[in-house]
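See structure below.
Numbering (the working numbering), first residue to last: 871 to 1558.
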């Protein structure tokens, strides 16, 4: 395959074979002398020197990374695309400025084809601060110029759909291309996304790199039906190509991308290919005869076999560039990139007052006002639109006022949170409702491995202003799978803020502040019992209602007399805690300092330390299971706090069992006012 030819050879070819697609890279055929109109055939795209340079740069880079790993210069995983280089090159060639490209764990070739940032890639995989993501992301987590990759199989599909939704709404004519492998077709999230992309007509090109094996398992062992049939089931057209015929591949990719751009609908490109090297470094148990057979058919190997002076010069230039990139990266010192601990600061309390309002009305009003003020605010969730207005009527009336920004979604929790991630990356302010908090963990991967990590692992190049709000809690007779408080499973995730509205701080103000300033993915857990209750800023007689500074404060309900006990409660547990405090004061002459954190993570520990230093006792009240919950974390942190030398702590929480549907049994399983009173008496007096 003489794709890189000398000028003399090119001239010979022009005289011999004046046809479209000959080996002329950038030059028209000589004009005929017959007097007929001149035909200006275009060179074959597969012979474009720019594309050849990209393909060879990818091949040489992947080989160098394997050499660096063997030499101990890299650690972790190195998923190379050797044998698949033409796919990334073809897709990047078909895209335009303003489009986005979303990739996966095997994304080096995609990244280089899109950015040509060899230096940033080498330093990133070597874990150096000069890498494109500061060495934080490594091989699988790259970001630059609307390129985003992550190592979770299928996890970036809904993110790509969110980016595509943003482009559809902007009417920009831009599209998004998303790469997945054939092994990823086992992920349910892929089909959630295909369904939404097809139904919403998103400008999304899904590229399936079908190399016939998922790590070590042949496709025949895992795939039922056909790849094309899966897309066609959602009304998505399918284009077919392979990497052994680059010219056809380039044509099919361009056709697919142009169709997506023109029609504003998704398409799937199924590319048959073969991975010539191991899944990662050396884990390859395939038949060596089979690998050798495909290696002989590989177009890049065939190109390399036809050695010319021009080819040698090109490879030499690529290798020299790689040498410089490796040397520059090796000279940079790796850093942990963590946030240094900050010293404790004194707590400042301020009095608070707000207009009482039903919690559901306060949230709805805040969403309406924020949507009116900022066109980037968009709501997604199940059954949000009128006339239903959400399971708890929080979004009632909003779709009538903002018909294009309140979207009913399928029952696809993971996909809609992922789409929210994509919208957030594109600069929108998505508010995703999960109908019940019990379903939140279906979408946990999109929160933990995507939303919470993007900003950090992409080294601050992006923000993820995503809000996920969900009702939690029991006492409604909804039974074991609709009554839980599962927030403990998402507390402590770096990069994910968790808020818990309550009756002593206006929930509407929480959402106004959040939507006006959000730059961090935020989970808001709303206790169901609160929706019909009124907020209250007037404290009981003999008490003060105070708050720390900031939009998501710790609120304090404290008597004017000295206290013998500190209580910590949040969300729906605030009201029973106040009832228990009133009983203890009237019946036992015990005064309690009640602390109510609005932000559960990151948690401000200083107000708790300050109060416990004065009372010597802490009772944590939470509705969910106690093991590894917020209370356990608070007590553990206080146990290692040097400023607390003598104190006692206890927890009140749900019984260690599923929540029954029967009313009487449910009340026995969940915390009660009497449970709080008895625990308080044990702490203060040693008696029940």
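The C-beta atom is built at its ideal place from N, Cα and C for all residues, glycine as well.
(request) Can you tell me which of the three DSSP states residue 1540 falls into? (result) Counting from 1 along the chain shown, the entry for residue 1540 is found at position 670. Three-state DSSP puts residue 1540 in coil, outside helix and strand.
(message) Excluding the 5 residues flanking residue 896 on each side, which residues of the same chain have their C-beta closer than 6 angstroms to its C-beta?
(response) Numbered from its first residue, the chain shown carries residue 896 at position 26. Only weak support exists for where residue 896 lies, its pLDDT of 29 falling under 50; the value from the coordinates is given anyway. Scanning its chain for C-beta atoms nearer than 6 angstroms, with the 5 sequence neighbours on each side dropped, one finds no residue around residue 896.
(request) Please list, in chain order, all residues of the same chain as residue 1335 whose beta carbon is under 7 angstroms from its beta carbon, the five residues on each side excluded. (result) For the purposes of this step, residue 1335 is taken as the residue at position 465 of the chain shown. Here the set comprises 1294, 1299, 1388, 1389.
(message) Taking the beta carbon of residue 1160 as the centre, do at least 16 other beta carbons fall within 10 Å, making it buried, or is it exposed?
(response) Residue numbering aside, residue 1160 sits at position 290 when the chain shown is read from its first letter. Its Cβ having fewer than 16 others within 10 Å, residue 1160 is exposed.
(message) By the three-class DSSP mapping on this structure, what secondary structure does residue 1301 have?
(response) The count along the chain shown starts at 1 and reaches residue 1301 at position 431. Strand at residue 1301.
(message) Just verifying my parser: in three-state terms, what is the DSSP assignment at residue 984?
(response) One-based indexing of the chain shown puts residue 984 at position 114. The answer is helix: DSSP assigns residue 984 an H, G or I state.
(message) Can you find the residues in the same chain that come closer than 7 angstroms, C-beta to C-beta, to residue 1332, ignoring five residues on each side of it along the sequence?
(response) As a working mapping, residue 1332 is identified with position 462 in the chain shown. Spatial neighbours of residue 1332 in its own chain (CB-CB distance under 7 angstroms, excluding positions within 5 residues in sequence) are listed in chain order as 1013, 1295, 1324, 1325.
(message) Which residue wins for smallest C-alpha separation from residue 1030, given the options 1163, 1538, 1320?
(response) Here residue 1030 corresponds to residue number 160 of the chain shown, with the count starting at 1. Closest option to residue 1030, Cα to Cα, is 1320.
(request) Measure the Cβ-Cβ separation of residue 1188 and residue 927 and say whether it is below 8 angstroms. (result) Locating residue 1188 in the chain shown gives position 318, counting from the first residue. Locating residue 927 in the chain shown gives position 57, counting from the first residue. Going by C-beta atoms, residue 1188 is nearer than 8 angstroms to residue 927.
(request) Report all residues from its chain with a CB closer than 6 angstroms to the CB of residue 1469; omit the five preceding and five following residues, and keep chain order. (result) Stepping through the chain shown from its first residue, residue 1469 is reached at position 599. For residue 1469, the CB contacts under 6 angstroms within the same chain, skipping 5 residues up- and downstream, are 1369, 1422 in chain order.
(request) Look up residue 965 in the DSSP assignment and say whether it is helix, strand or coil. (result) On the chain shown, position 95 is the one that residue 965 refers to. In this structure, residue 965 counts as coil in the three-state DSSP scheme.
(message) In whole angstroms, give me the CA-to-CA distance for residue 962 and residue 983.
(response) Residue mapping note: residue 962 aligns to position 92 of the chain shown, counting from 1. Residue mapping note: residue 983 aligns to position 113 of the chain shown, counting from 1. In a straight line, the C-alpha of residue 962 is about 6 angstroms away from that of residue 983.
(message) I believe residue 991 touches residue 1002 by the beta-carbon criterion, under 8 angstroms. Please report the beta-carbon distance rounded to the nearest angstrom.
(response) Working through the chain shown from its first residue, we reach residue 991 at position 121. Working through the chain shown from its first residue, we reach residue 1002 at position 132. Going by Cβ atoms, the distance from residue 991 to residue 1002 rounds to 6 angstroms, so yes, they are a contact pair.
(message) Considering only the alpha carbon of each residue, which of 1154, 1427, 966 lies closest to residue 1562?
(response) A question about residue 1562 goes unanswered here, because the residues of the chain that appear run from 871 up to 1558.
(request) Could you please give the first and the last residue of the uninterrupted beta strand (DSSP E) stretch that includes residue 1351? (result) Within the chain shown, the letter at position 481 stands for residue 1351. Looking at the DSSP string, residue 1351 is not in any beta strand (DSSP E), and its letter there is neither H nor E.
(message) Tell me the rounded alpha-carbon separation between residue 1467 and residue 1473.
(response) Position 597 of the chain shown, counted from the start, is the residue given in the question as residue 1467. Position 603 of the chain shown, counted from the start, is the residue given in the question as residue 1473. Computed Cα separation, rounded: 8 angstroms.
(request) Reducing DSSP to helix, strand and coil, say where residue 1104 ends up. (result) The residue you call residue 1104 lines up with position 234 of the chain shown. It is coil, neither helix nor strand.
(request) Per DSSP, which residues does residue 1088 bridge with? Please list them. (result) Indexing the chain shown from 1 puts residue 1088 at position 218. Per DSSP, the beta bridge partners of residue 1088 are 1083.
(request) Determine the DSSP secondary structure at residue 879, reduced to helix, strand or coil. (result) The count along the chain shown starts at 1 and reaches residue 879 at position 9. Model confidence at residue 879 stands at a pLDDT of 35, short of 50, so the residue's coordinates are unreliable; what they give is reported in the following sentence. Reduced to three states, the DSSP call for residue 879 is helix.
(request) Would you check if the region 1270-1289 and the region 1239-1257 touch, i.e. whether three or more CB-CB distances between them fall below 8 angstroms? (result) Contact between the region 1239-1257 and the region 1270-1289 is established, with three or more Cβ pairs separated by less than 8 angstroms.
(message) DSSP three-state label for residue 1375, please.
(response) Residue numbering aside, residue 1375 sits at position 505 when the chain shown is read from its first letter. In the structure shown, residue 1375 sits in a strand (DSSP, three-state: E or B).
(request) Between the Cα of residue 1451 and those of 1015, 1462, 975, 1436, spot the shortest distance and give me the residue it belongs to. (result) Residue mapping note: residue 1451 aligns to position 581 of the chain shown, counting from 1. The shortest C-alpha separation from residue 1451 is found at 1462.
(message) With distance defined between alpha-carbon atoms, name the residue in 1514, 1409, 1344, 1433 nearest to residue 1531.
(response) Your numbering for residue 1531 matches position 661 in the chain shown. Residue 1531 has its Cα closest to that of 1344, out of 1514, 1409, 1344, 1433.
(request) Report yes if the C-beta distance between residue 1302 and residue 1287 is below 8 angstroms; otherwise report no. (result) Mapped onto the chain shown, residue 1302 falls at position 432. Mapped onto the chain shown, residue 1287 falls at position 417. Contact flag set, yes.
(request) Quick one: grab the DSSP three-state call for residue 1460. (result) Numbered from 1 along the chain shown, position 590 holds the residue referred to as residue 1460. DSSP places residue 1460 in coil when its eight states are reduced to three.
(request) Consult DSSP for residue 1568 and reduce its assignment to one of helix, strand or coil. (result) Outside the displayed span of the chain (871 to 1558) sits residue 1568, for which this structure offers no information.
(message) Need the endpoints of the beta strand (DSSP E) that residue 1413 sits in, please.
(response) What you label residue 1413 is simply residue 543 of the chain shown in a count that begins at 1. Unbroken beta strand (DSSP E) run through residue 1413: 1413-1417.
(request) Could you name the residues of the same chain whose beta carbon sits closer than 7 angstroms to that of residue 1131, not counting the 5 residues immediately before and after it, in chain order? (result) Your numbering for residue 1131 matches position 261 in the chain shown. 1043, 1045, 1073.
(message) Quick check on the DSSP output: the alpha helix (DSSP H) that includes residue 1059 runs from which residue to which?
(response) By 1-based counting over the chain shown, the position of residue 1059 is 189. Counting along the chain, the alpha helix (DSSP H) containing residue 1059 begins and ends at 1058-1070.
(message) Rounded to the nearest angstrom, what separates residue 1352 and residue 1308 at their Cα positions?
(response) Here residue 1352 is taken as the residue at index 482 of the chain shown, counted from 1. Here residue 1308 is taken as the residue at index 438 of the chain shown, counted from 1. Straight across, the Cα-Cα distance linking residue 1352 with residue 1308 is about 6 angstroms.
(message) Run through the DSSP bridge pairs and tell me what residue 1171 is partnered with.
(response) On the chain shown, position 301 is the one that residue 1171 refers to. Bridge partners of residue 1171: none, in fact.
(request) Classify residue 1484 as buried or exposed, calling it buried when 16 or more other Cβ atoms lie within 10 Å of its own Cβ. (result) Position 614 of the chain shown holds residue 1484. Counting of Cβ neighbours within 10 angstroms places residue 1484 among the exposed residues, the total staying below 16.
(request) Pair every Cβ in the region 1020-1040 with every Cβ in the region 1099-1112, then say whether three or more of these pairs are closer than 8 angstroms. (result) A contact between stretches requires three or more CB pairs, one per stretch, nearer than 8 angstroms, and the region 1020-1040 fails this requirement with the region 1099-1112.
(message) Suppose you measure from the CA of residue 1145 to the CA of residue 924; what does that come to, to the nearest Å?
(response) As a first step, residue 1145 must be located in the chain shown, where it is residue number 275. As a first step, residue 924 must be located in the chain shown, where it is residue number 54. Straight-line spacing of the CA atoms in residue 1145 and residue 924 works out to 18 angstroms.
(request) Enumerate in chain order the residues of its own chain whose CB-to-CB distance from residue 968 is below 7 angstroms, with the five nearest sequence positions on each side excluded. (result) Within the chain shown, residue 968 is the residue found at index 98, counting from 1. Excluding sequence neighbours, residue 968 sits near 1042, 1044.
(request) Give a yes or no on whether 8 angstroms exceeds the smallest Cβ distance from residue 1319 to chain D. (result) Among the chains in the structure shown there is no chain D, since it carries only a single protein chain.
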